[in-house]
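Visitor: In this text, residue positions in the sequence shown follow the working numbering: the first is 1261, and each later residue adds one.
Cβ atoms here follow ideal geometry from the backbone N, Cα and C, with glycine treated the same way.
These figures come from a predicted structure and were not determined experimentally.
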Amino acid sequence: MKAIVVRAGKASLEEVELKEELGRGMVRVRTLYNGICGTDRGIVSGSLKFSRPPQGFDYLVLGHETLGEVQEVGEGVNLRKGDLVVPVVRRGCGECLNCLVGRQDFCETGKFTEIGIRGAHGTMRETFVDYAENLVVLPRELGEYGVLLEPLSNVVKAVREVEYLQGRSLWRCRDSTYSCRDAAIIGSGPIGLLFSMALKTMGFNVYVLNRRPPSEVEKDITEAVGARFVDTTKEVAPLPGPDLLVDTSGHPSAFVPLLDRIKKNGAVILFGTTGKEREEITAEQVTELVENNVLLVGSVNASKEDFREGGNLLTLWKEEYPDVLGKMITHKVSPGEAVNVLSGKLKGEIKTVVDWTNG
Ligand SMILES: [Zn+2]
1261 MKAIVVRAGK ASLEEVELKE ELGRGMVRVR TLYNGICGTD RGIVSGSLKF
1311 SRPPQGFDYL VLGHETLGEV QEVGEGVNLR KGDLVVPVVR RGCGECLNCL
1361 VGRQDFCETG KFTEIGIRGA HGTMRETFVD YAENLVVLPR ELGEYGVLLE
1411 PLSNVVKAVR EVEYLQGRSL WRCRDSTYSC RDAAIIGSGP IGLLFSMALK
1461 TMGFNVYVLN RRPPSEVEKD ITEAVGARFV DTTKEVAPLP GPDLLVDTSG
1511 HPSAFVPLLD RIKKNGAVIL FGTTGKEREE ITAEQVTELV ENNVLLVGSV
1561 NASKEDFREG GNLLTLWKEE YPDVLGKMIT HKVSPGEAVN VLSGKLKGEI
1611 KTVVDWTNG
């Protein structure tokens, strides 16, 4: 079958032979769409050092953002041909307690694998076989928007963590939502925009921060969901400071200067990685963080439960913001074109997806 592979730091579309048998509890899935993200590009460029092929292979099939359709079911599987499915990315180590209860996003041994990233082939290929228990089923009506579920699942996990941890004080507002709280999100890529939608749905007043004016699509999406785009080269916002700061950039120079402006009992989610800039944290800032009970939490990956919750949000948003999910998918490319797109962002890109439906 055709697959997009990385071999010795170079991406290509190749014919590969993977002996995948349809065992008990397993499903053969036809890939419909793959999202391309910074992780894929980091693997191709070599900047993500932890990426590795599965044992016994000199190449890795890319692809961890997936939307597929069930093609064939093995014995003992409660899925039907044609079901829309999304596979979870991380597969447990089989040793630590978190992995043994399906929370491999909190694996403690580090011996997990991640499809299309480390130690396991991904889904940028015509078909793949997986255990049904690794698949999340989506309503048919969601259609291609389901390709956004994997990035969204990571956002859902991070937000749920903050809700759990913020149970340390009374953080909800008098109307039981977060309508009295301000959230500032650094970065307006797909993850930043998904955070803005998720937090808006919870009631937050949302500000999306970037060091430039919004693109047309970013302007449309933030306006449609009722968030405010702030060009931080022109205005410093929000004042006097957010209750929740989310960094999706990975650039310390973007979020460190904002740390001492977080409101009392507020929280910071660090989500971005692989930024290159350095920034000093001063003792005065540390004092502010301490004196204000500020929570700092790093968050990665997601559980199947987070995928399921993400599916609910996509279904809700499709109704609530009819044009927004469609606008998030700014480009569709063929598997052949994808190889080039993996080496750099397209102009005006929010999410580029690889379209396998014409194959
Ligand atoms: Zn583990």
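Could you tell me which whole beta strand (DSSP E) segments of length 3 or greater appear in the stretch 1367 to 1412?
Guide: Qualifying beta strand (DSSP E) stretches, in chain order: 1373 to 1375, 1387 to 1391 and 1395 to 1398.
Visitor: Per DSSP, what kind of secondary structure is Phe1317 in: helix, strand or coil?
Guide: Looking up residue 1317 in the sequence shown gives position 57. Note: Phe1317 maps to coil in three-state DSSP.
Visitor: Taking 5 Å as the limit, name every residue whose beta carbon sits nearer than that to some heavy atom of ligand 1, in sequence order.
Guide: Contact residues of ligand 1 (beta-carbon closer than 5 Å to any heavy atom; chain order) are Cys1353, Cys1356, Cys1359, Cys1367 and Thr1369.
Visitor: Which class does Tyr1581 belong to by DSSP, given the choice of helix, strand or coil?
Guide: The residue you call residue 1581 lines up with position 321 of the sequence shown. Here Tyr1581 sits in coil by DSSP.
Visitor: Rounded to whole angstroms, what is the Cα-Cα separation between Ala1484 and Ser1603?
Guide: Indexing the sequence shown from 1 puts residue 1484 at position 224. Indexing the sequence shown from 1 puts residue 1603 at position 343. Spanning the two alpha carbons is a distance of roughly 31 Å.
Visitor: Would you call the CB atoms of Asp1300 and Leu1322 closer than 8 Å?
Guide: Position 40 of the sequence shown holds residue 1300. Position 62 of the sequence shown holds residue 1322. Closer than 8 Å, so yes.
Visitor: Please classify Ser1305 as buried or exposed, where buried requires at least 16 other C-beta atoms within 10 Å of its C-beta.
Guide: If you number the sequence shown from 1, residue 1305 lands on position 45. So Ser1305 counts as exposed.
Visitor: Within 10 angstroms of its Cβ, does Asp1491 collect 16 or more other Cβ (buried), or is it exposed?
Guide: Position 231 of the sequence shown, counting from 1, holds the residue named residue 1491. It counts as exposed.
Visitor: Would you mind stating whether Lys1587 and Val1613 have Cβ atoms separated by less than 8 Å?
Guide: In the sequence shown, residue 1587 corresponds to position 327, counting from 1. In the sequence shown, residue 1613 corresponds to position 353, counting from 1. No.
Visitor: How far does the alpha helix (DSSP H) with Gln1545 in it extend, from its first residue to its last?
Guide: Here residue 1545 refers to the residue found at position 285 when the sequence shown is read from its first residue. Gln1545 -> alpha helix (DSSP H) spans Ala1543 to Glu1551.
Visitor: Quick one: give me the first and last residue of the beta strand (DSSP E) that Asn1465 is part of.
Guide: The residue you call residue 1465 lines up with position 205 of the sequence shown. That run of the beta strand (DSSP E) goes Asn1465 to Asn1470.
Visitor: Would you list the residues sitting across from Tyr1293 in a DSSP beta bridge?
Guide: The residue you call residue 1293 lines up with position 33 of the sequence shown. Tyr1293 pairs with Leu1327 and Asp1615.
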